[in-house]
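Written below as structure tokens is the structure these notes are about.
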Amino acid sequence: MRLVVVGADAAGMSAASQARRRKKPDQLRIVAFERGHFTSYSACGIPYWIGGAVPDRDALIARTPAEFAEAGIEVRLRHEVVGIDLDRGEVVARDLDGGGELREGFDELVYAAGAVPVTPDWARVDAGGVFGVQTLDDGAAIHRWLDSEECRKAVVIGGGYVGVEMAEAMVRRGLDVTLLEKSSQPMSTVDPDMGERVRAAICGLGIEVRTGTHVEGLETADGRIRAVVTPDGVFPADIVVLGLGVRPNTQLAVDSGIPVGVTGGLRTDLRMRVVGAPGVWAAGDCVQSVHRISGQPLHAPLGTHANKQGRVAGINIGGGYATFPGVIGTAVTKVCELEVARTGLTEKEAARAGFAFVTATVESTSRAGYYPGASPMVIKMIAERRTGILLGAQIVGREEAAKRIDSLAIAVWNRMTVEEMTALDLSYAPPFSPVWDPVLIAARKAADAVQASQQQ
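Number 96 in my numbering belongs to position 81 of the sequence shown; there are no gaps in the numbering.
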């Protein structure tokens, strides 16, 4: 049997590795094509490498092509798959360094081409100093620019996870930083009341934050970026980082007759088989997922999902059985010392999904108040009014606050009610938590809100 993998990062190589564990090289030949220079790396770590928290680029690489070769997996770097012939069971790949093309036959295909940055027309300039942050190659290009050019001013466009993390990285590199965001708040993946706390933390780093700002264009001169143009003014820039989000990289699939879902991502069944394309599997940022709470399709480009989906696909290709049951949008990041986390639905998302809900927000501390190092945190819960089921939660705080989102994610995943959560047997010792853990306090307040709303 022959397996071809399109894309040799988290999802693709997780699939290849799991398939190899179950089938030996004489049973299954595996060839993975990757247009970049690296395999199996942490894209999430790029801002921390740029900012100096991670000193070495290679620390972000989990496994090299040589290591895959030892496991019987052939990786062809700098080869871009440009055609897929489903009828003949064959891909066409272009050598990006040599320029030639080659054909590779397959019996099973894993499509793991990831996502591509959203790039408006105004961002398509032929000038140095304008970068996306999608791949390790992008990160290396940013590093080279900062190391070789005299950069004093950075403009980051987009206030999501990547934008905020890159803004902080630029501050760590000693640059004056402006963050431009078109919506009313940075980090719009949390509710506005929580987002304001994030804004305060960003401003506390000395970053100029401009929300409600629409970028009209980029000014260039002498082959390099000079400024970002908006209706509110012109912002000088020696480097511009684009954090405008991503979309599924599925154009090759569409051109090859592989159907996509309403989000533009490949629609799969629970075993990660592409619906309507026998013999084709998909995993990672190119896939359309289903939200377990709303039941709605969504594009959820996170490394956690990519690795899990790749694992599931590989197990099934290798003759085992595994499923991927959906996502609930759990995510976490850090702005300076402020940690931000979310899971489930925000208020806006819950309303869009048709839920009637109540909210509860509490302020507490990470440890017993008398114990050294106790720091404040805020937990917000969103519960369905009729049933009391936890729909979502958000946390903003310092020093290990955000990882409490994991217990909340378990509750959301298992459709626990906030009343049930008040009885959770959570750990306690003064160095780790108040005697009433903040999660329990929030659950109790949310349960009271549910009960009050039902009596109205």
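Ideal Cβ positions, reconstructed from N, Cα and C, are used throughout, including at glycine.
ask   = Taking the alpha carbon of residue 357 as the point to measure from, which residue in 172, 427, 292, 337 has its own alpha carbon closest?
value = As a working note, residue 357 is residue 342 in the sequence shown. It is 427.
query = Roughly how many whole angstroms lie between the Cα atoms of residue 418 and residue 55?
reply = For this step, residue 418 is matched to residue 403 along the sequence shown. For this step, residue 55 is matched to residue 40 along the sequence shown. Their Cα atoms are separated by approximately 25 angstroms.
ask   = What residue ranges within the region 362-421 form continuous alpha helix (DSSP H) runs of no fewer than 4 residues, ordered along the chain?
value = 362-367
ask   = Pairing CB atoms from the region 40-49 with CB atoms from the region 151-167, are three or more of them under 8 angstroms?
value = no
query = Buried or exposed: where does residue 301 fall if 16 or more other Cβ atoms within 10 Å of its Cβ makes it buried?
reply = On the sequence shown, residue 301 is found 286 positions in, with the first residue counted as 1. It counts as buried.
message = Does residue 325 come out as helix, strand or coil in the three-state DSSP assignment?
response = The residue you call residue 325 lines up with position 310 of the sequence shown. Reduced to three states, the DSSP call for residue 325 is helix.
request  = Please specify which runs of the beta strand (DSSP E), each continuous and at least 3 residues long, are wholly inside the region 44-131, giving them in chain order.
outcome  = 44-49, 88-92, 94-100, 105-110, 116-120, 123-126
ask   = Smallest Cα separation from residue 454: which of 266, 424, 469, 339?
value = In the sequence shown, residue 454 corresponds to position 439, counting from 1. Residue 424 is the option with its Cα nearest to residue 454.
task = Just mark residue 451 as buried or exposed, buried being the case when its beta carbon has 16 or more other beta carbons within 10 Å.
result = As a first step, residue 451 must be located in the sequence shown, where it is residue number 436. Classification for residue 451: exposed.
message = Tell me the DSSP secondary structure of residue 459 in three-state form.
response = Taking the sequence shown and counting its residues from 1, the one referred to as residue 459 is at position 444. Residue 459 falls in the helix class under three-state DSSP.
inquiry  = Within the continuous beta strand (DSSP E) that includes residue 304, where are the two ends?
reply    = By 1-based counting over the sequence shown, the position of residue 304 is 289. Looking at the DSSP string, the run of the beta strand (DSSP E) that includes residue 304 is 302-305.
ask   = Helix, strand or coil: how does DSSP classify residue 41 here?
value = Indexing the sequence shown from 1 puts residue 41 at position 26. It is coil, neither helix nor strand.
query = Hey, how far is the Cα of residue 7 from the Cα of residue 192?
reply = What the structure shows of the chain is the stretch from 16 to 471, and residue 7 is not part of that stretch, so it cannot be assessed.
inquiry  = Whole angstroms are fine: how far does the CA of residue 396 sit from the CA of residue 213?
reply    = Position 198 of the sequence shown holds residue 213. Position 381 of the sequence shown holds residue 396. Going from the Cα of residue 213 to the Cα of residue 396 covers about 18 angstroms.
ask   = So which of 448, 217, 111 has the shortest CA-CA distance to residue 381?
value = Here residue 381 is taken as the residue at index 366 of the sequence shown, counted from 1. When each option's Cα is compared against that of residue 381, the closest is 448.
query = Do you know offhand how far residue 216's Cα is from residue 350's?
reply = The sequence position of residue 216 within the sequence shown is 201, counting from 1. The sequence position of residue 350 within the sequence shown is 335, counting from 1. Spanning the two alpha carbons is a distance of roughly 7 angstroms.
message = Here's the rule I'm using: 16 or more other beta-carbon atoms within 10 Å means buried, otherwise exposed. How should residue 81 be labelled?
response = The count along the sequence shown starts at 1 and reaches residue 81 at position 66. Answer is exposed; the Cβ neighbour count stays below 16.
Beta-carbon proximity of residue 147 to residue 233, cut-off 8 angstroms = Position 132 of the sequence shown, counted from the first residue, corresponds to residue 147. Position 218 of the sequence shown, counted from the first residue, corresponds to residue 233. No.
query = Straight-line CA distance for residue 141 to residue 186?
reply = As a first step, residue 141 is located in the sequence shown; it is residue number 126 there, counting from the start. As a first step, residue 186 is located in the sequence shown; it is residue number 171 there, counting from the start. Computed Cα separation, rounded: 26 angstroms.
task = Name the one or two DSSP bridge partners that residue 288 has.
result = On the sequence shown, residue 288 is found 273 positions in, with the first residue counted as 1. In the DSSP output, where bridge partners are listed per residue, residue 288 has 296.
ask   = Three-state secondary structure (DSSP) at residue 261?
value = For the purposes of this step, residue 261 is taken as the residue at position 246 of the sequence shown. Looking at residue 261 - three-state DSSP - the assignment turns out to be strand.
task = Kindly indicate which residue of 254, 297, 416 has the alpha-carbon position closest to the one of residue 330.
result = Taking the first residue of the sequence shown as position 1, residue 330 is located at position 315. Checking every option, the nearest Cα to that of residue 330 belongs to 297.
Residue 260 versus residue 299: straight-line alpha-carbon distance, rounded = Position 245 of the sequence shown, counted from the start, is the residue given in the question as residue 260. Position 284 of the sequence shown, counted from the start, is the residue given in the question as residue 299. About 15 angstroms.
query = Leaving out five residues before and five after residue 235 in sequence, what residues of the same chain have Cβ atoms less than 7 angstroms from its Cβ?
reply = If you number the sequence shown from 1, residue 235 lands on position 220. For residue 235, where only same-chain residues beyond five positions count, the Cβ hits under 7 angstroms are 140, 142, 241.
key: CA nearest to the CA of residue 11, picked from 60, 369, 414   = Since the first and last residues shown for the chain are 16 and 471, residue 11 lies out of range.
key: CA-to-CA distance, residue 411 to residue 35, given in whole angstroms   = By 1-based counting over the sequence shown, the position of residue 35 is 20. By 1-based counting over the sequence shown, the position of residue 411 is 396. Distance between the alpha carbons of residue 35 and residue 411 is about 41 angstroms.
message = Below 8 angstroms, how does it come out for the region 313-321 and the region 368-382: are there three or more Cβ pairs, yes or no?
response = no
query = What do you reckon, are the CB atoms on residue 459 and residue 432 nearer than 8 angstroms?
reply = In the sequence shown, residue 459 corresponds to position 444, counting from 1. In the sequence shown, residue 432 corresponds to position 417, counting from 1. No.
ask   = What's the C-alpha gap between residue 159 and residue 28?
value = Sequence index remark: in the sequence shown, residue 159 carries index 144 (1-based). Sequence index remark: in the sequence shown, residue 28 carries index 13 (1-based). Roughly 27 angstroms between the two C-alpha positions.
key: Test item: CB-CB of residue 196 and residue 150 under 8 angstroms   = Here residue 196 is taken as the residue at index 181 of the sequence shown, counted from 1. Here residue 150 is taken as the residue at index 135 of the sequence shown, counted from 1. No.
message = On the DSSP letters alone, give me the boundaries of the alpha helix (DSSP H) that residue 208 sits inside.
response = On the sequence shown, position 193 is the one that residue 208 refers to. Per DSSP, residue 208 belongs to the alpha helix (DSSP H) from 207-219.
request  = Name the residue from 348, 16, 131 whose alpha carbon lies nearest to the alpha carbon of residue 279.
outcome  = Numbered from its first residue, the sequence shown carries residue 279 at position 264. Answer by Cα proximity: 131.
task = State the Cα-Cα distance for the pair residue 253 and residue 172, rounded to the nearest angstrom.
result = Here residue 253 refers to the residue found at position 238 when the sequence shown is read from its first residue. Here residue 172 refers to the residue found at position 157 when the sequence shown is read from its first residue. Each residue's alpha carbon lies about 14 angstroms from the other.
message = Measuring straight from C-alpha to C-alpha, what distance separates residue 373 and residue 30?
response = Numbered from its first residue, the sequence shown carries residue 373 at position 358. Numbered from its first residue, the sequence shown carries residue 30 at position 15. Looking at the two C-alpha atoms, the distance is approximately 41 angstroms.
query = Where does residue 251 fall in DSSP's three states?
reply = By 1-based counting over the sequence shown, the position of residue 251 is 236. Note: residue 251 maps to strand in three-state DSSP.
Range covered by the alpha helix (DSSP H) that runs through residue 151 = Taking the sequence shown and counting its residues from 1, the one referred to as residue 151 is at position 136. Note, residue 151: alpha helix (DSSP H), 151-163.
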